[in-house]
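S.K.: Here's a structure for you.
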Amino acid sequence: MTAEFDIALFLRPMLKGAHATQQRHIRQAERMHEVILERWGCATPWSWREKHVRWFLEHYLRCSAPATIYYYELTAGLIRRRKAKVVVA
Numbered sequence: 003m004t005a006e007f008d009i010a011l012f013l014r015p016m017l018k019g020a021h022a023t024q025q026r027h028i029r030q031a032e033r034m035h036e037v038i039l040e041r042w043g044c045a046t047p048w049s050w051r052e053k054h055v056r057w058f059l060e061h062y063l064r065c066s067a068p069a070t071i072y073y074y075e076l077t078a079g080l081i082r083r084r085k086a087k088v089v090v091a
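As C-alpha cells, then:
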C-alpha cells in the first residue's frame, strides 16, 4: 500500500499571502496532480517534466477562461520554483 502524495505539504514552503489564495493554489495543484497522474503516470511533482505542465496548461485548459489559465500559470510557477530549489524550513 502506497501513501498518496501530499501536494499541500509540497507547496507549503512557497505559499504566501491570504489564506484564500493559498487554498486556491493548493486546490489547483491537486487538480494538476490528478490530471498529470492520470495522463502521464507521474506520481509526484518531483517527477514532472516541463512538457507535463505545458501539456496541462495548453491542452487540458484549452476551453477554459483566460483568467482560469492565468491562475493555473501562477500555480505552475510556484511548483517550478519549488522544484528548482529545496526550501529548508
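FYI, in my numbering the residues of the sequence shown are 3 to 91.
A virtual CB, placed ideally from N, CA and C, is assigned to each residue, including glycine.
1. Do Q25 and Y74 have their C-beta atoms closer together than 7 Å?
2. In chain order, which alpha helix (DSSP H) runs of at least 4 residues are fully inside the stretch 6-48?
3. Give the single residue among P68, R64, L59 whose Cα lies nearest to the Cα of G79.
4. Which value, in whole angstroms, describes the spacing of the CA atoms of W57 and C44?
5. Contact check, D27 vs L17 under 8 Å by CB: the rounded distance?
M.R.: Taking the geometry as given:
1. By one-based count along the sequence shown, residue 25 stands at place 23. By one-based count along the sequence shown, residue 74 stands at place 72. Taking 7 Å as the Cβ cut-off, Q25 and Y74 do not qualify as a contacting pair.
2. 9-13, 21-42
3. On the sequence shown, residue 79 is found 77 positions in, with the first residue counted as 1. The residue with the shortest Cα to Cα distance from G79 is L59.
4. Stepping through the sequence shown from its first residue, residue 57 is reached at position 55. Stepping through the sequence shown from its first residue, residue 44 is reached at position 42. Approximately 13 Å between the Cα atoms of the pair.
5. As a first step, residue 27 is located in the sequence shown; it is residue number 25 there, counting from the start. As a first step, residue 17 is located in the sequence shown; it is residue number 15 there, counting from the start. According to the sequence shown, residue 27 is His rather than Asp. Correct: roughly 6 Å between the Cβ atoms.
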